[in-house]
Each structure stands twice: as structure tokens, then as C-alpha cells.
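Report on one structure; see the data block that follows.
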Amino acid sequence: MARVKDYHSSEYEILLSEYAACKRQLRSKEEALHILKGQLDSCLKHNQELQDHTTQLRSQLVKYLAILPSQDLSKERESFILQLEEAQEKIVELERELQAARDEKEDTMSERDYLSSKCSNLLKNLEEQHKVKPPSQEALEAAMEENRLRQTMH
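Using this note's numbering, the first residue of the sequence shown is number 295, and each one after it goes up by one.
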């Protein structure tokens, strides 16, 4: 009888430990998503600024073309074309970075969903083993701390 109780207690501690690890991973993924969202917003803002700058350059080019004498026209035109090409290259690079950030966000969200599901399954296992409501977060953390203290004492 004592062996069965020790076995269930040990299995319970393992489940508690796995549950706590999943919760930490889940929190970590949520923080990563928050950071990625900030980076994504920053990329979108920077991309919009570059597009606005490109539009301004094109507008200025049209104005300069209308007022420049024909001999200066080719030099100014080349300069504006180079600026437009540089702006376009920056936009392409930002679009790549934006896609990479979106991909990373999607991967992180998938992993977060997996961890959330795993936490739910662990809680169900705990409920089934003890046929009672799962312990509160505080009780879980206290049990984990007690377990850590036991392990450091041995």
C-alpha cells in the first residue's frame, strides 16, 4: 500500500515538475511574441517611412525636371535615379526582414499553442490521478520549492 502511495506521489511530483516547466516555457514564448510584435511594428513603420521618402523623391524629381535646363537635367536625373534605386533596395530588404519576423512570430505562436495544450493535458492527468481539483498556482510553486529544497539537501 505504501509503495502505491509512493509511486503516485512520485508520479505526481513528476507531473508537477513538467507542468511548471511548461508554464515557464509558455511565459517565455508569450514574451517572445510580444518582442516580435514590437519588431514587426517597427519594421512596418520603417517600411512606410521609406515608401513615403521614395514618393517624395519621385515628386521632387518631377519638379526638378520641369525647371532644370536641359544640360543639368541628365546629372540631376542620374542623382535622383540613384536615390530611388537605393530607397527601393532598402524597401526590399525591409520586406525580407518583415517576412522573417512574421515567420518567426508564426513559429513562436505554434510552439506556444503546443505548450499550452501540453499544460492542459498535464492538468487533466493531475486531476485524473487525484480525482480532485488541481492545486492552485501557489500550491504548485510551493510544492516545487519544497521539492527543490529536498533535492539540495540530498
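Idealized CB from N, CA, C, for every residue including glycine.
Can you tell me whether residue i is helix, strand or coil according to DSSP?
i    : result
K425 : coil
S410 : helix
S430 : coil
Looking only at its own chain, which residues have a Cβ that is under 8 Å from the Cβ of residue i, when we skip the five neighbours before and after it?
i    : result
M438 : L310, S311, A314
Y457 : Any answer about residue 457 is impossible in this case: the structure gives the chain only from 295 up to 448.
N441 : E307, L310, S311
V298 : At V298, the pLDDT of 49 sits below 50, so the modelled position is not reliable; the number obtained from the coordinates is stated separately. Hits under 8 Å: none found.
To the nearest angstrom, how far is the alpha carbon of residue i from that of residue j?
i    : j    : result
L409 : D401 : 12 Å
R352 : K412 : 54 Å
L378 : Q431 : 57 Å
Q350 : L434 : 59 Å
H328 : K357 : 44 Å
Q345 : L443 : 58 Å
A375 : L355 : Here residue 375 is Ile; the residue named in the question, Ala, does not match the sequence. Between I375 and L355, the C-alpha separation is close to 9 Å.
S304 : L388 : 52 Å
A326 : R390 : 20 Å
Q445 : A436 : 14 Å
Cutting at 7 Å between CB atoms, please list the residues of its own chain near residue i, excluding the five before and the five after it.
i    : result
H347 : A381
Q333 : A395
Q342 : none
L330 : A395, E398, K399, T402
D335 : none
A340 : It should be pointed out that residue 340 corresponds to His in this sequence rather than to Ala. Excluding residues within five positions, the ones whose Cβ falls inside 7 Å are L388.
Excluding the 5 residues preceding and the 5 following residue i in the sequence, name in chain order all residues of the same chain whose CB lies nearer than 6 Å to its CB.
i    : result
K323 : T402, E405, R406
L392 : C337
For residue i, would you say it is in contact with chain C, using Cβ-to-Cβ distances shorter than 9 Å as the test?
i    : result
L376 : Here there is only one protein chain, and chain C is not present.
| Does the segment 315–328 come within contact of the segment 405–414, defined as at least 3 CB pairs closer than 8 Å? | Three or more Cβ pairs closer than 8 Å define a contact, and the segment 315–328 meets that threshold against the segment 405–414.
| task | Tell me, please, whether the segment 381–398 touches the segment 412–426 by the rule of three or more beta-carbon pairs shorter than 8 Å. | result | Short answer: they don't touch.
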